[in-house]
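Participant: In my numbering, the protein residues as written are 402 to 569. Could you have a look at this structure, given as structure tokens, before my questions?
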Amino acid sequence: MIWKPLTTAGLALCLVSGCGTPQPPPPGHAASKVTVVRGDVTYPVTAEIVRWEVKKHPQTPQRGVAVFFDYKFTGAQPTRIEVQVCAVDEHRVVLLCGNIGLPTPGTIEPPFGDDWLGPDEADGRMGLQRTSEVLVVPDQMYAGPHAGDPKDGDGYVPPKLLGPGDQL
Numbered sequence: 402m403i404w405k406p407l408t409t410a411g412l413a414l415c416l417v418s419g420c421g422t423p424q425p426p427p428p429g430h431a432a433s434k435v436t437v438v439r440g441d442v443t444y445p446v447t448a449e450i451v452r453w454e455v456k457k458h459p460q461t462p463q464r465g466v467a468v469f470f471d472y473k474f475t476g477a478q479p480t481r482i483e484v485q486v487c488a489v490d491e492h493r494v495v496l497l498c499g500n501i502g503l504p505t506p507g508t509i510e511p512p513f514g515d516d517w518l519g520p521d522e523a524d525g526r527m528g529l530q531r532t533s534e535v536l537v538v539p540d541q542m543y544a545g546p547h548a549g550d551p552k553d554g555d556g557y558v559p560p561k562l563l564g565p566g567d568q569l
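Next comes the structure, spelled out in structure tokens:
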């Protein structure tokens with residue numbers, strides 16, 4: 402019968418000490434050019450939105466506008482990199498986000514590219530026409546195979562994925 406008090410004490414200790422799934426940190430400061438970070442570690446890599454425009458997506462012109470952008474990465478890539486890119490309005494409220502990245506080092510892929518956010522809904526409810534900036538969030542979103550597990554990894558937990566209505 403000694404197990405019941407020990408179990409109760411263990412559960413109480415776990416609740417007080419914060420056992421369970423680690424909470425994601427808030428995202429870093431988004432800008433058109435950022436240095437990629439992974440928690441407290443700064444990577445020697447920058448991610449930059451080179452240019453962007455709001456226009457109809459060629460594959461779905463009936464759905465309204467989308468945000469087309471060019472991006473590039475510079476620096477020595479230590480690992481696979483993924484960062485979020487967000488179209489925001491004049492108040493830095495997220496309209497839509499997606500990910501861009503660099504694959505695992507050693508693969509033959511250029512450190513630049515282009516991509517789309519959208520297209521909008523036919524009625525324009527996502528508001529991509531209001532895009533005033535396209536920003537990169539500096540946080541490494543690829544956590545590795547053991548994300549948040551301090552036993553098998555480093556315990557890194559990336560910020561939550563941003564979505565429409567989030568403030569940057």
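Every residue gets a Cβ at the ideal spot worked out from N, C-alpha and C, and that includes glycine. It should be emphasised that the depicted structure is a prediction, and the values quoted were computed from it without experimental measurement.
For residue 437 versus residue 446, is the C-beta spacing smaller than 8 Å?
Facilitator: Within the sequence shown, numbered from 1, the residue matching residue 437 stands at position 36. Within the sequence shown, numbered from 1, the residue matching residue 446 stands at position 45. It is a contact, given that the beta carbons lie within the stated cut-off.
Participant: Using the C-alpha atoms, what's the distance from residue 536 back to residue 432?
Facilitator: Your numbering for residue 432 matches position 31 in the sequence shown. Your numbering for residue 536 matches position 135 in the sequence shown. Cα to Cα, residue 432 sits roughly 5 Å from residue 536.
Participant: What residue range is occupied by the uninterrupted beta strand (DSSP E) comprising residue 503?
Facilitator: By one-based count along the sequence shown, residue 503 stands at place 102. Here the beta strand (DSSP E) through residue 503 covers 495–503.
Participant: According to DSSP, residue 540 sits in a beta bridge with which residue or residues?
Facilitator: Here the question's residue 540 lines up with position 139 in the sequence shown. DSSP lists 438 as partners of residue 540.
Participant: Considering only the alpha carbon of each residue, which of 509, 504, 539 and 507 lies closest to residue 485?
Facilitator: Stepping through the sequence shown from its first residue, residue 485 is reached at position 84. Nearest of 509, 504, 539 and 507 to residue 485, Cα basis: 539.
Participant: Does the segment 552–561 come within contact of the segment 469–481, defined as at least 3 CB pairs closer than 8 Å?
Facilitator: The segment 552–561 vs the segment 469–481: no contact.
Participant: Under DSSP, the beta strand (DSSP E) around residue 484 begins and ends at which residues?
Facilitator: Numbered from 1 along the sequence shown, position 83 holds the residue referred to as residue 484. It spans 482–489 - the beta strand (DSSP E) in which residue 484 sits, taken as one unbroken run.
Participant: Given residue 451, which residues of its chain have a CB within under 7 Å of its CB, disregarding the five upstream and five downstream residues?
Facilitator: In the sequence shown, residue 451 corresponds to position 50, counting from 1. Hits under 7 Å: 471, 472 and 473.
Participant: Report the three-state DSSP secondary structure of residue 518 (helix, strand or coil).
Facilitator: Position 117 of the sequence shown, counting from 1, holds the residue named residue 518. Three-state DSSP puts residue 518 in a strand.
Participant: Return yes when the Cβ of residue 543 is within less than 8 Å of the Cβ of residue 483, no when it is not.
Facilitator: Position 82 of the sequence shown, counted from the first residue, corresponds to residue 483. Position 142 of the sequence shown, counted from the first residue, corresponds to residue 543. In contact: residue 483 and residue 543 (Cβ atoms closer than 8 Å).
Participant: Specify the secondary structure class of residue 427 as computed by DSSP and reduced to three states.
Facilitator: Here residue 427 is taken as the residue at index 26 of the sequence shown, counted from 1. Correct three-state label for residue 427: coil.
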